[in-house]
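Data block below; observations after.
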Amino acid sequence: MNLDPTALLLGIGMLLGGGLGWTFYMKAIRKKPETEEWYDSADGWESGVTDRDASLYLVPFGSLFFFLFGFLMLLSCFTIPDSVKPVLFCVYAVAAALPAIGMIGIMGIPLPWPIVPRWVVDIRKKKRARARERRAAKRAAKRAEKNK
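Per the working numbering, the very first residue in the sequence shown carries number 8; after that it's consecutive.
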């Protein structure tokens, strides 16, 4: 059993910080639908990260990342049997994949419903339907002009 106080405190801090960040995301962001104006607003021109990106991708995936690594740091303080190590490797792999999923969302690639809140998916559906209607109206206007 390795009882390094720095590792223990850092692990506990990461575990608590990640848990609090995830709780904040679930209570304040995921359950409270925002408007389409909020979704379209981009006021992160200095850093390139908008409020939407931070709320939908950085907070949840960052907090899960810190939570998992805090958990794994605390586990590393104990002697772990060899039969459990493959399971922990899967947890490490998931923790390493979480920031990649968040970065995919920040880059603008639309993520599906279980990863983002349902109200975000609904906003995207409405925007795609309006874009389809505009394209259809534009095509119809071109055909009408061509047939004259």
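We treat Cβ as the ideally placed atom computed from N, Cα and C, and that holds for glycine.
Span separating the alpha-carbon of LEU81 from that of CYS97: Numbered from its first residue, the sequence shown carries residue 81 at position 74. Numbered from its first residue, the sequence shown carries residue 97 at position 90. Distance between the alpha carbons of LEU81 and CYS97: 16 Å.
Does the Cβ of ASP89 have 16 or more other Cβ atoms within 10 Å, making it buried, or fewer, making it exposed? Walking along the sequence shown from the start, residue 89 turns up at place 82. By the 10 Å Cβ count, ASP89 comes out exposed.
Output needed for SER54: all residues of its chain with C-beta closer than 7 Å, excluding positions within five of it in sequence on either side, in chain order. On the sequence shown, residue 54 is found 47 positions in, with the first residue counted as 1. Reliability fails at SER54, whose pLDDT of 49 lies under 50, so the model's placement of it is uncertain and no value is given.
Within 8 Å, do at least three Cβ pairs link the region 41 to 48 to the region 97 to 106? no
Between the C-alpha atoms of ALA148 and ILE130, what's the straight-line distance to the nearest angstrom? By 1-based counting over the sequence shown, the position of residue 148 is 141. By 1-based counting over the sequence shown, the position of residue 130 is 123. One C-alpha to the other measures close to 27 Å.
Write down the C-beta distance between GLY112 and LEU118 rounded to the nearest angstrom, noting that I regard them as a contact closer than 8 Å. Translated into the one-based positions of the sequence shown, residue 112 becomes position 105. Translated into the one-based positions of the sequence shown, residue 118 becomes position 111. Indeed they touch by this definition, with Cβ atoms about 5 Å apart.
Would DSSP call VAL123 helix, strand or coil? Numbered from its first residue, the sequence shown carries residue 123 at position 116. Correct three-state label for VAL123: coil.
With 16 other CB atoms within 10 Å as the buried threshold, where does ASP60 fall? Position 53 of the sequence shown, counted from the start, is the residue given in the question as residue 60. Burial call: buried.
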